[in-house]
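Q:
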Amino acid sequence: MEKKRIGIIGGGISGTCLGYHLSLYDNAEVIVFEKDTIGGASTAKSAGTVCLFDDSLNNRYWDVRLYGFESYLKMEQEEKGSAGFDKTGTLVVATDEKVESVIKTGIALTQAAGYTGEYITDKDRIKEILPDISTENILGAGYTLDDGYFDGTMISNTYAKKLQKNGGAVKTGVKVTEVKMEDKKINGLTTSEGESYEFDYVVDCTGPWSKFTGELVDLEVPLWHTKAEAFFLSPPGKKLDYTFPVLKYPAFYALRAGDNIFICKSHLSMDLNNPMHAGQWDPDKLPATGGTDDYFIDFLLDQLEMRVPGIVDSGLVSSWLSYRAEPKDFLPILGETPIEGYILATGYGGNGVIEAPAASRDLAKLIMRGESTPLLEDWAFKRLL
Amino acid sequence: MKIAVLIKHVPVSNDVSVDPETHALIRANSEGMINPSDLNAIEEAMVLKEKTGGHVTVFTMGPPDAEKSLRDAMAMGCDDSCLITDRCVAGGDTIATAKVLAAGVKRYGGFDLILGGALSSDGATGQVGAMVAEYLSIPHISEISSIDYNDNMTGKLEAVKKYQSDNFKIRTELPALITVCFGANNPRLATLRTKRAAKSKPLKTYTNQDLKLPLDKIGLAGSPTVVIDSSTPEIQRKAEIITGTPADAAKAIRALIQKEEGKE
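Top to bottom, those sequences are chains A and B.
Under the working numbering, read the first sequence as residues 1094 to 1478, first letter to last.
Under the working numbering, read the second sequence as residues 2 to 265, first letter to last.
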C-alpha cells in the first residue's frame, strides 16, 4: 500500500485529533509539529463545553456534536481522567421563542440518541437546579444531566499519546519555518531546528496563528480573531453548595472550575465589524493573564445582575484574554486549498473541542482515501472565495 | 484614620527581560499588576478603614499605564489614588524612588499612617518603605505580619513582627510607616461592581512640576546605585531515575557517588 506522508503544523486539539485519526490508517506517516507544548495555547483557554444541546453549533450539525461527545466519553472509559470530564449537566436558558425552539429541537435529538434531556417551564424547578438564577423574563430552560465540560489540554495530550502508539510522531518545541513547494505542490517543510522533512500533505492546524502560517505558502486564510475574554469568579460565601451546571445564555456561558465559576462571552455574540470584538492580531503577544477590556466588565455586570444575580458579587480571582479564529460565517475551514497538498483544519472559533473529532474523522478520510463528505463540502475553503 | 498605601506596578512574572546595557528591567512590553505584598498592605488598610471609618489613598510612582494598578487597588476598596509619573523620575534606584514617593505623600498631606508591601517582586530590596519614612522623618516598622488598633490607642498603633521563631509586638506613635509581609493576610477580591465603581474614583496625577525636586536628585541621575552586571542563573539541577532491584539500585547509587568523588 502506498504510504502517505503528512506533516501537521500545530499541536492543539485540531492537530492532535487529526493526527490521531490519520494514524488509524496503516499507510499514514504522521508527524505533528508544535512550537510550544501540546494543547497549551488557545486549546488550554477553551472552556471545553461539549453539551448535548445549546446554540454553539447549529442543530444541522448535531451529529458533529454527538461524535465529539461520544469520542471523549470513550476516551474517559479507556482511561479515567484522560479527557478531563466534569459531568455537571447543562442548563440552556430560553430567553425568547427562537432560542426555545432551538433548545427543544436539541432535546429531541438528544433523547433520540439515548440521552436524557427535558425542557422545563416550572420556574421553581429551574431554581432548584441553579438557585442563583433569576427566572424573570425567561420562557424556560433545557436541562440534561448527562454532559458537562472536558479539558482540551488533557484531550490533546491523550490524542498525542494515542497517535504515537499508532506509530505517529510528535515534535514539541519545534517551529515550522518554511513550507516547501515545487511546481505549486507541497513537498515538505523545514523547522527551527534546521531539519528538513518531505511530505505529501502539510496541514495547517494552527487556529489563531493560521493567518501567519498561511503566509508560508502565500495563502491568505480568511480568518478574523474574536476576543474570548474570561473571568474566574469566586462566589460570595467562597463555596457553592450545589453542582453548578454548564449554564448557557445566548450572550454568555458559565461553568464551574473547582470552587470558582468560569464565565465568558459566547463567540456567536461577537460582531466581526466591531473593533472591540474582532480584528486581526498577533496571538504571540497575548499576556498569560489579564488583558480583558473594560467594556467586558460592564457587559458581564449587566448580564449577571439580570440573569444570575446570586453570583454578581463574586470576587474576581483572575482573568485572561484569548483569540478565537473565525471565518465570516463562524464555521471551520476544512480541506483542500488552491495549493496542492496544503490542507486547512482551522477556524474552529470557540468550538474546536466540540468539532475536531468529526472534522478530523472526515478530513483523514479525504487525505487517505480521497473521499469527501457532506461535512467537508459544507466547511470547504472554497465557500469563502 | 487617614491612610496612604504605597504600591508598585510590577511586571507579571515570566514576562520581563533585562536591558543588556543598563541591566535594568525592561517593563515597557510587559503586562503589569500590583506587587503581591502590596496587596497585603492594602488589605491591612481596608481592615483599619473599616475599624476607624477612615480614608485610604493609594500612591504609585510609574509610567502612565501604572494607572491600571491604581484602579485595581481602588476596586479593592481604596477611596482615591495618586499617580506620580514623569520621564525624569524613571530609572531611579531605591533612594531616588523613596525621595519622590515621600515628596508625593507630603504634598498630598495629612496622613496618620503609611503602609506598603515589604518587598517588591521585581527588585526585592525591601528598602523603599524605610527610606520614605526617613525622608518624612517619621517612625517605621518593617516586615510586619499584623496590625492591632483599637479606640483606646489614640495616636498609637501596635504591629506584630516575626523574627526567626518569635513574635515581637511593637508600638509606635502615629504618623508612622509600616511595611507588610507577603502572606500576612488574605487580600480581598474585587468584584464586577467594585471594578466598575473604581473606574470613576478620583485619580490625581503629580509630575515633578508639582513636586519640584532637583533633577540631579531623582531618576537615573539621582541614583547612586550602579548595576555592574546581571545574569540569569544557569540551572544545573538534573535528575536521574534509578530503576531495578534494590541491590541493582544500591550498586548504581554507589557508582554515582564514586563518580562524583572522582571529580574532586
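C-beta: ideal position from N, C-alpha, C; glycine also.
Pull out every residue of the region 179-204 of chain B whose Cβ sits closer than 8 Å to any Cβ of chain A, in chain order.
A: R189, L190, A191, T192, L193, R194, K196, R197, K200
Q: For B/S201, is the classification buried or exposed, using 16 other Cβ atoms within 10 angstroms of its Cβ as the cut-off for buried?
A: exposed
Q: Report the residue from A/K1458, A/Y1212, A/F1178, A/G1408 whose alpha carbon sits nearest the alpha carbon of A/I1099.
A: A/K1458
Q: Bridge partners of A/N1353, per DSSP?
A: A/A1350
Q: 8 Å is my cut-off, CB to CB: does A/G1266 come that close to chain B?
A: no
Q: Taking C-beta to C-beta, are A/G1241 and A/F1324 nearer than 8 Å?
A: no
Q: With a CB to CB cut of under 7 Å and the five nearest residues on each side skipped, what residues in its chain are close to B/M2?
A: L49, T53, G55, D113, L114
Q: Let's see if you can read the secondary structure: which residues bound the alpha helix (DSSP H) around A/W1155?
A: 1155-1171
Q: Would you call the CB atoms of A/L1117 and A/W1155 closer than 8 Å?
A: no
Q: Locate the alpha helix (DSSP H) running through A/T1306, then write down its first and last residues.
A: 1303-1308
Q: Please report the straight-line C-alpha distance between B/E135 and B/L116, rounded to a whole angstrom.
A: 14 Å
Q: Check each candidate in A/A1121, A/V1125, A/T1306 and name the one with the smallest Cα separation from A/G1108.
A: A/V1125
Q: My parser needs the alpha helix (DSSP H) runs of 4 or more residues fully inside the region 1356-1411 of chain A; what are they?
A: Here the runs fully enclosed are 1387-1400.
Q: Determine whether the beta carbon atoms of A/S1415 and A/L1379 lie at a separation below 8 Å.
A: yes
Q: How many Å lie between A/I1447 and A/F1305 at the Cα?
A: 24 Å
Q: Beta carbon of A/E1291, beta carbon of A/V1267: below 8 Å?
A: No, the pair does not count as a contact, with Cβ atoms beyond the cut-off.
Q: Assign A/E1127 to one of three DSSP states: helix, strand, or coil.
A: strand
Q: So B/P37 is in the alpha helix (DSSP H); what residue range does that whole segment cover?
A: From DSSP, the alpha helix (DSSP H) with B/P37 extends over 37-53.
Q: So, for B/G156: in the same chain, excluding its five sequence neighbours on each side, which residues have a beta-carbon less than 7 Å away from its beta-carbon?
A: E174, L175
Q: Return no unless some Cβ of chain B is closer than 8 Å to the Cβ of A/T1181.
A: Judged by the 8 Å Cβ criterion, A/T1181 is not in contact with chain B.
Q: Is there a Cβ from chain B that is less than 8 Å from the Cβ of A/S1407?
A: yes
Q: Check the Cβ-Cβ distances between B/E32 and every residue of chain A, and say whether any is below 8 Å.
A: yes
Q: List the residues of chain A whose Cβ lies closer than 8 Å to the Cβ of B/V13, in chain order.
A: Within 8 Å Cβ-Cβ: P1380, A1381, T1382, G1383.
Q: With a floor of 3 residues, list each beta strand (DSSP E) that falls wholly inside the region 81-119 of chain B, ordered by position along the chain.
A: Scanning the region 81-119 of chain B from its first residue to its last, the whole beta strand (DSSP E) runs of 3-plus residues come out as 81-85, 114-118.
Q: Could you check the C-alpha separation between A/D1301 and B/L40 for me, to the nearest Å?
A: Sequence check: residue 1301 of chain A is Pro here, not Asp. For A/P1301 and B/L40, the distance between alpha carbons rounds to 35 Å.
Q: Evaluate A/P1328 with the Cβ neighbour count: other Cβ atoms within 10 Å of its Cβ, from every protein chain shown; 16 or more gives buried, anything less gives exposed.
A: buried
Q: Can you find a CB in chain B that lies within less than 8 Å of the CB of A/D1391?
A: Chain B places a beta carbon closer than 8 Å to that of A/D1391, counting this residue as a contact.
Q: Where do the N-terminal and C-terminal ends of the alpha helix (DSSP H) with B/E68 fall, by residue?
A: 68-76
Q: With a threshold of 16 other CB atoms inside 10 Å of the CB of B/A74, please say whether the residue is buried or exposed.
A: buried
Q: Alpha carbon to alpha carbon, how far is A/E1271 from A/G1281?
A: 9 Å
Q: Leaving out five residues on either side along the sequence, give the residues of the same chain with a beta carbon under 7 Å from the beta carbon of A/I1200.
A: F1146, G1210, E1211, Y1212, G1235
Q: Would B/L7 be called buried (16 or more neighbouring beta carbons within 10 Å of its own) or exposed?
A: Per the 10 Å Cβ criterion, buried.
Q: Can you pull the DSSP bridge partners for A/A1438?
A: A/L1427
Q: Is the CB of A/D1119 under 8 Å away from at least one CB in chain B?
A: Judged by the 8 Å Cβ criterion, A/D1119 is not in contact with chain B.
Q: Whole angstroms are fine: how far does the CA of A/D1471 sit from the CA of A/I1101?
A: 22 Å
Q: Counting only Cβ-Cβ distances shorter than 7 Å, please list the residues of the region 1312-1342 of chain A near chain B, keeping chain order.
A: S1327
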